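To keep things clear, I will list the structure first and then write my remarks on it.
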Amino acid sequence: MANDPQTCPICEFSSDAETDVYTHLLTSHRKRAITETLLEVRPAHAPQR
Ligand SMILES: [Zn+2]
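Note that our numbering gives residue 1034 to position 9 of the sequence shown, counting from 1, and the numbers run on in steps of one.
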């Protein structure tokens, strides 16, 4: 099985390569947008690891 495609948490960009999504995040979104998204995702219903 191939790896699951990685998806940008902010938009619908996706790629098979995690590094592509990482680069996309750094180049297409400002750090502030990334941080705000992470803070929105974090609340209680986030899965525990
Ligand atoms: Zn994106």
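The beta carbon of each residue, even a glycine, is placed where N, CA and C say it ideally should be. Small disclaimer: the values here were computed from a predicted structure and weren't measured.
Here T1062 is near P1034, since their CB atoms are less than 7 angstroms apart. Going by C-alpha positions, D1041 is about 7 angstroms away from D1029.
A straight line joining the alpha-carbon of L1050 with that of E1065 spans about 16 angstroms. Beta-bridge pairing by DSSP links T1032 to S1039.
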